[in-house]
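Peer 1: Protein chains in written order, with the working numbering: chain A, 36 to 409; chain B, 11 to 433. Heads up, the beta-carbon is just placed ideally off N, CA and C, and yes, glycines get one too. Sending over a structure as structure tokens; questions will come in a sec.
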Amino acid sequence: MADTRQKLFLTKNPFDLTGTEPLFVRAMRENTAYHLAHCPEYRKIADAAGFSADQVQGIADLDKIPVLPTVLFKRHRLYSMPERRMAVRATSHGTKGKFSRIGLDWGSISAGFWMVLRMAKTRGLLSLRPVNYIILGYKPHRGNEMAVMKTAYGSTFLAPALHRTYALQFKDGGYVPDLEGVLQTLLRYAKQPHPVRFMGFPSYTWFLLQMLEQREIRVSLPPGSFIMLGGGWKQFYRERVEKETLYRLIQERLGVEESHIVEFFGAVEHPILYTDCPAHHFHVPVYSRVIIRDVRTLKPLPHGEMGLVNLLTPMIRAVPVTSVMTDDLGILHDGQECPCGCQAPWLEIIGRVGQRDIKTCAAGAADYLKGGTP
Amino acid sequence: MILAGGKVYPSAEQSRILAQLPERINETRAAQSLPCETVIDALDRMSRRIADGAFDAMLDDTMLRSQVQYAAKQLTRDALVYKVRTELGADWEAPVTSEQITVQMLPLGVILHIAAGNMDALPAWSVIEGLLTGNINLLKLPQADKGLTIQFFQALIEESPELRDFIYVFDTPSKDITGMQALAAVSDGIAVWGGDAAVGAVRQLAPIGCKLIEWGHRLGFCYISGTPSDAELTALASHILETRQLLCSSCQVIYLDTDDREQVTAFSERFLPYLEAVALQFPVTDPGAAAELTLRRYTEQLEAVIAGIPAKSRVFQGKFCSVTVCEDRDLELSGMYGNVLVKPLPRNELMRTLRRSKDYLQTAGLICADADRDALTDLLFRCGVNRVLPPGEMSAAFPGEPHDGDYPLRRYTRIVTKRSRPE
């Protein structure tokens, strides 16, 4: 029965959602059955909701599968197999020490391998030509289980690596950014004939581009170079730039065309590699489904409406991440709305849940100045 | 952007300006004074410019025209004179001599204002209080400030160039520790508006001996003893929705003078329609806030299932609002935006319960029989509450009103003494 999952992940066309629908439903049914049998907490939640795996018969039944908020994985260890049997453990790079502990089983590793190859191929990232890598992220280090680091490192196998340089170096027990070092390496790489690949946080890419701009440096990276962006903006929301500005700067300072800028999206609780299309939209691949839920009732919403983003995949057995609710707000658009020609619906992330910091004891000042009601 | 000496500089010039700051301030302190009258006069003229719409283009859409007019009114001569007189007394600038000892109220000196970013006018208001008392003011802008504050002070300095050396505005990020320390190092007092994290950070930053003027987060509640009237429930519901439960004085928790859970449930069922009626007039449509509350509740529900315990609260959901019946007595932040908590709290438990939240007390709404009012008001004051008001007026402002139990202007001054020379 494990074959259903592997079959799904071996699908040739990663955006053939209609054709793989029965396979996806069956894999989801098997996956929930597995977690119900092996994760007592998951079982309790399902029982309380009156859910059983055989209720998953068609694509319309996916919304019945218990949805676990990502915050639940940060507060509880929810495992469907003992840790020693997991192939890899990964953590989200959450702030303030709160992170999800997610494990991957061997089956999901092999499934993930095929997924990465197929998705990378859609943007022409698979190549046998050796390249130089600039990782604007963490340098691997024993004890660092962060998923972003692993993804970044993994991405350096899409084309053979001549050399890798890292923006975040491990020094004296912690990571320190070294953009100056990266800049010097970049200048060296630019003189070589080999293509260069950037991988990492958009915010660091932006900082580096700003450094180039301030020093009036322009380089022209060899043809075949790629700028890969992933890992979110995290603590650098203040520096958040419009994508267009970023693309323009990349073209201007590094000489890389927009068609060679690729953005990834994923979460440690939903380790599906979303790769953007040439129009920079995240189409849902066959390994995943997205349900947008009403912000008050959690009921599924039709395409085009904004709500909480619920991500589903049968990829993992080690932990019950079959259906997780992120704290993102998003919209699922019809595939036809994208000019790239891909028919799969695409996910647009609008922002994060939450409100601005509670208005402070502004009782006095606020009332004096605003007439009592904000 | 940085405002110094009446001129605007780009943020990149911060280090240079900070390096010169101690000397500039020393020169101002040695040679200039700022009479209260000068400040009142300048603000009075500004109030007319605000009323005429000079800043309308800078304000975000949520700020109503009526609120702009209200802000303008607070800066008129009459309002400012009243405020200063109430807080500091008439003729506060004049020395008082008694038996050869002369006592005089003077500005504290240099005040660093660290303002919260969620109220457009708050940073400016904090500085205005510092100016009225003659201080040199350094304002660290909140990140959310979109330029309104600097524009306001530039215009104020145009009106009255004497204010030039008394207003500095910096957009130093809180994370720039070196910059923040440089600002703190020259200050005699730091006025900080914000949550526990912001206040805590300032305590780390402030040199020992520097006076801290903390305006931290507060949590409001309403105490109900006996059966409230329809009018009282409507007033409470209006208060909750009109303030969005975002102000320190806003009601987060409704406490009932009972230990009977049935009564708490019965009250919640009765109150929901009142809340809903107002919520439909002022619906909160922000999806981010609604999503956060939904997600929090859903997670709590799942955690209760995992732990095998019954949910510790019961939610009565209305349209754009909700009433949650709780088992515990803690004073805590509600879901806000019309999502209020109801808890049992017999009056003999008031002291014990509220003292656990002593650092967050400020406003209590009170609904009770007339015969009980004085005793309950007194009890609430003894617990540490500073304002006891009818439910509809919990967030109302009164001219010359103290803030968190203090007259702010007094905190921005110091009192000096000297012995008069014998005749």
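Within the 8 Å Cβ cut-off, does A:ASP79 reach chain B?
Peer 2: Per the sequence presented here, residue 79 of chain A reads as Lys, with Asp not at that position. For A:LYS79, the answer is yes, since a Cβ of chain B falls inside 8 Å of its Cβ.
Peer 1: If you draw a straight line from the C-alpha of B:VAL274 to the C-alpha of B:GLY415, how long is it?
Peer 2: Each residue's Cα considered, the two are about 31 Å apart.
Peer 1: Could you check whether the Cβ of B:GLY345 sits closer than 8 Å to any Cβ belonging to chain A?
Peer 2: It does not: the Cβ of B:GLY345 has no partner Cβ on chain A nearer than 8 Å.
Peer 1: For the alpha helix (DSSP H) containing B:ASP240, name the first residue and the last one.
Peer 2: Taken as a continuous stretch (DSSP letters only), the alpha helix (DSSP H) holding B:ASP240 covers 240-252.
Peer 1: Comparing the CB of A:HIS295 with every heavy atom of the ligand GDP, is any distance shorter than 7 Å?
Peer 2: The model on display carries no ligand, and the ligand GDP is accordingly not part of it.
Peer 1: For B:ILE316 and chain A, any beta-carbon pair shorter than 8 Å?
Peer 2: So, interface residue.
Peer 1: Could you check what DSSP says for A:LEU45 in three-state terms: helix, strand or coil?
Peer 2: Coil.
Peer 1: Decide if the stretch 174-189 of chain B is in contact with the stretch 157-166 of chain B; the criterion is three or more beta carbon pairs, one per stretch, under 8 Å apart.
Peer 2: Flag = yes, the stretch 174-189 of chain B and the stretch 157-166 of chain B touch.
Peer 1: Can you have a look at A:LYS174 and say buried or exposed, based on whether 16 or more other CB atoms are within 10 angstroms of its CB?
Peer 2: That one is buried.
Peer 1: Can you list, in chain order, the residues of its chain with a C-beta nearer than 8 Å to that of A:PRO165? Leave out the 5 residues immediately preceding and following it.
Peer 2: Contacts found: ALA194, PRO195, ALA196, LEU197, HIS229.
Peer 1: Based on DSSP bridge pairs, tell me the residues matched to B:GLY328.
Peer 2: Beta-bridge pairing links B:GLY328 to B:CYS331.
Peer 1: Does A:LEU333 come within less than 8 Å of chain B when only Cβ atoms are used?
Peer 2: True, the Cβ-Cβ gap to chain B drops below 8 Å.
Peer 1: Please state if the CB of A:MET234 and the CB of A:GLY172 are separated by a distance shorter than 8 Å.
Peer 2: In this structure, A:MET234 lies closer than 8 Å to A:GLY172 by Cβ.
Peer 1: Counting C-beta neighbours from all protein chains within 10 Å, is the total for B:TRP135 16 or more, i.e. buried, or is it exposed?
Peer 2: Result: buried.
Peer 1: If we ignore side chains and look at the alpha-carbon of each, how far apart do B:ILE50 and B:VAL263 end up?
Peer 2: Computed Cα separation, rounded: 40 Å.
Peer 1: Give me the residue from B:THR363, B:LYS150, B:LEU246 with the minimum Cα distance to B:ILE187.
Peer 2: Checked all of B:THR363, B:LYS150, B:LEU246; the closest Cα to B:ILE187 is B:LYS150.
Peer 1: What in chain A is Cβ-close to B:MET300, meaning under 8 Å?
Peer 2: As written in the sequence, residue 300 of chain B is Ala, which differs from the Met given in the question. What B:ALA300 touches in chain A: VAL330, ARG331.
Peer 1: Taking the DSSP output, what are the residues bridged to A:HIS358?
Peer 2: Checking the displayed sequence, the identity of residue 358 of chain A turns out to be Ser instead of His. BP columns for A:SER358 point to A:LEU347.
Peer 1: Check for me: the alpha helix (DSSP H) holding A:ASN66 runs from which residue to which?
Peer 2: 56-73 is the extent of the alpha helix (DSSP H) around A:ASN66.
Peer 1: When you compare only the Cα positions, how much space is there between A:ILE285 and A:GLN219?
Peer 2: Taking the straight line from one Cα to the other gives about 17 Å.
Peer 1: Report the three-state DSSP secondary structure of A:VAL325 (helix, strand or coil).
Peer 2: If DSSP states are grouped into helix, strand and coil, A:VAL325 belongs with the strands.
Peer 1: Per DSSP, what kind of secondary structure is A:TRP381 in: helix, strand or coil?
Peer 2: Of the three classes helix, strand and coil, the one that applies to A:TRP381 here is strand, per DSSP.
Peer 1: Kindly provide the ranges of any beta strand (DSSP E) runs that are 3 or more residues long and lie completely inside the stretch 200-226 of chain B, ordered along the chain.
Peer 2: Counting whole runs of 3 or more residues, the stretch 200-226 of chain B contains the beta strand (DSSP E) stretches 221-226.
Peer 1: Could you pull the DSSP bridge partners for B:GLN114 from this structure?
Peer 2: Paired residue(s): B:VAL426.
Peer 1: Counting along the chain, where does the beta strand (DSSP E) carrying B:ARG307 start and finish?
Peer 2: Where B:ARG307 is concerned, there is no enclosing beta strand (DSSP E), although the alpha helix (DSSP H) it sits in stretches over 297-317.
Peer 1: Closest to A:PRO237 by C-alpha separation, out of A:GLY290, A:PHE299, A:TRP381, would be which residue?
Peer 2: If we check each option's Cα against that of A:PRO237, A:PHE299 comes out closest.
Peer 1: Quick check on B:ILE35: does DSSP put it in helix, strand or coil?
Peer 2: Three-state DSSP puts B:ILE35 in a helix.
Peer 1: Any beta carbon from chain B within less than 8 Å of A:ASP362's own beta carbon?
Peer 2: So yes, A:ASP362 belongs to the interface.
Peer 1: B:ILE377 bridges to which residues according to DSSP?
Peer 2: According to DSSP, B:ILE377 bridges with B:ILE234.
Peer 1: Go ahead and label A:GLY342 buried or exposed: buried means 16 or more other beta carbons lie within 10 angstroms of its beta carbon, across all protein chains shown.
Peer 2: With 16 or more Cβ atoms within 10 Å of its Cβ, A:GLY342 is classed as buried.
Peer 1: Just the C-alpha distance for B:ALA165 and B:LEU256, rounded to the nearest angstrom, thanks.
Peer 2: Straight-line Cα distance between these residues: approximately 30 Å.
Peer 1: Report the residue from A:LEU163, A:ALA202, A:LYS79, A:VAL354 whose alpha carbon sits nearest the alpha carbon of A:GLY142.
Peer 2: A:GLY142 has its Cα closest to that of A:VAL354, out of A:LEU163, A:ALA202, A:LYS79, A:VAL354.
Peer 1: Strictly below 7 Å CB to CB, what residues from chain A border B:TYR308?
Peer 2: By Cβ distance, chain A contributes PRO104, LEU333.
Peer 1: Counting only C-beta atoms, is B:GLY305 closer than 8 Å to chain A at any point?
Peer 2: According to the sequence as given, residue 305 of chain B is Leu; it is not Gly. Chain A, which has a Cβ nearer than 8 Å to the Cβ of B:LEU305, makes this yes.
Peer 1: Quick one, which of A:ALA95, A:LEU71, A:GLY93, A:GLN92 has its alpha-carbon nearest A:ALA84's?
Peer 2: When only C-alpha atoms are compared, the closest one is A:LEU71.
Peer 1: Are B:VAL335 and B:VAL352 closer than 8 Å when you measure CB to CB?
Peer 2: Yes, Cβ-Cβ distance for B:VAL335 and B:VAL352 is below 8 Å.
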